[in-house]
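Residue numbers (UniProt numbering): 1 to 211. These notes concern the structure reproduced below.
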């Protein structure tokens, strides 16, 4: 049975760092592998393959860092606001690829930073429910700086993350791991923004709302 989570600030910071490192290890490792191939081969075709791998992996790592900087970082001083256009840019860089397409239907305005961080974290959470890619559609609930969000995802083998609903509410039936800390952190952002979230299946889509 899910129970309220008590997590020390140092543990929260460490788990978030672990989560960010997890997202960066793969592309950074691919860059290292590509460099090793370049050093060991004289074949022009293999060299070009390695260069392409280095370029794509470096871009992937850069996009992940840009996303994490806003989604998890300080993103300015207390009370700062973030341009939703910047949030859209980092979201497209992080999520859009050959398997996943992002439909962003939010007007470009400045919003309180925690609300924008919440939006990016909810998109990250929703994206995890379409493991083989698909579509992500982001719509507003209401309007202006105090608007909420509706994120609908659809794709092959999509599955509602029931555990995430508890984590968003600050509850869990098991110790918080580096993987589970992200929805738990999103729940902290929800609380700071005075919002509540739901996750539910609606026809062919999984819908995450914050309002």
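Ideal placement from N, C-alpha and C gives every residue a C-beta, glycine not left out. Predicted, not measured: the structure shown is a model, and the values here were computed from it.
Local Cβ density within 10 Å of residue 159, reported as buried at 16 or more and exposed below that: Stepping through the chain shown from its first residue, residue 159 is reached at position 159. So residue 159 counts as exposed.
Outcome for residue 214 when other beta-carbon atoms lying within 10 angstroms are tallied against a minimum of 16: Outside the displayed range of the chain (1 to 211) lies residue 214, so it cannot be described from this structure.
Per-residue burial, residue 166 [other beta carbons within 10 Å of its own, 16 or more giving buried]: Walking along the chain shown from the start, residue 166 turns up at place 166. Classification for residue 166: buried.
Rounded straight-line distance, which links the Cα of residue 66 to that of residue 41: As a working note, residue 41 is residue 41 in the chain shown. As a working note, residue 66 is residue 66 in the chain shown. If you take the alpha carbons of residue 41 and residue 66, they lie about 33 Å apart.
Short Cβ contact (8 Å threshold) for residue 91 with residue 122: For the purposes of this step, residue 91 is taken as residue 91 along the chain shown, with counting starting at 1. For the purposes of this step, residue 122 is taken as residue 122 along the chain shown, with counting starting at 1. No, Cβ-Cβ distance for residue 91 and residue 122 is not below 8 Å.
Cβ separation of residue 93 and residue 63, assumed to be a contact under 8 Å, to the nearest whole Å: The count along the chain shown starts at 1 and reaches residue 93 at position 93. The count along the chain shown starts at 1 and reaches residue 63 at position 63. About 4 Å separates the two Cβ atoms, so the contact holds.
Residues bridged to residue 148 (per DSSP): By 1-based counting over the chain shown, the position of residue 148 is 148. Answer is 141.
Terminal residues of the alpha helix (DSSP H) in which residue 91 lies: In the chain shown, counting from the first residue as 1, residue 91 sits at position 91. That run of the alpha helix (DSSP H) goes 84 to 95.
Three-state class that DSSP yields for residue 154 in the structure shown: Locating residue 154 in the chain shown gives position 154, counting from the first residue. The answer is strand: DSSP assigns residue 154 an E or B state.
Stretch pair the stretch 142 to 157 + the stretch 200 to 210: three plus CB contacts closer than 8 Å: yes
Spatial distance of residue 38 from residue 60 (CA atoms): Position 38 of the chain shown holds residue 38. Position 60 of the chain shown holds residue 60. Roughly 20 Å separates the two Cα atoms.
Neighbourhood of residue 87 by C-beta, 7 Å cutoff - its chain only, sequence neighbours within 5 removed: Along the chain shown, read from residue 1 onward, the residue named residue 87 stands at position 87. Excluding sequence neighbours, residue 87 sits near 70, 116, 119 and 120.
Residue(s) in a DSSP beta bridge with residue 27: Reading the chain shown from its first residue, position 27 is the one you call residue 27. Answer is none; residue 27 lacks a bridge partner.
Separation of residue 72 from residue 24, as counted between CA atoms: The count along the chain shown starts at 1 and reaches residue 24 at position 24. The count along the chain shown starts at 1 and reaches residue 72 at position 72. Approximately 14 Å between the Cα atoms of the pair.
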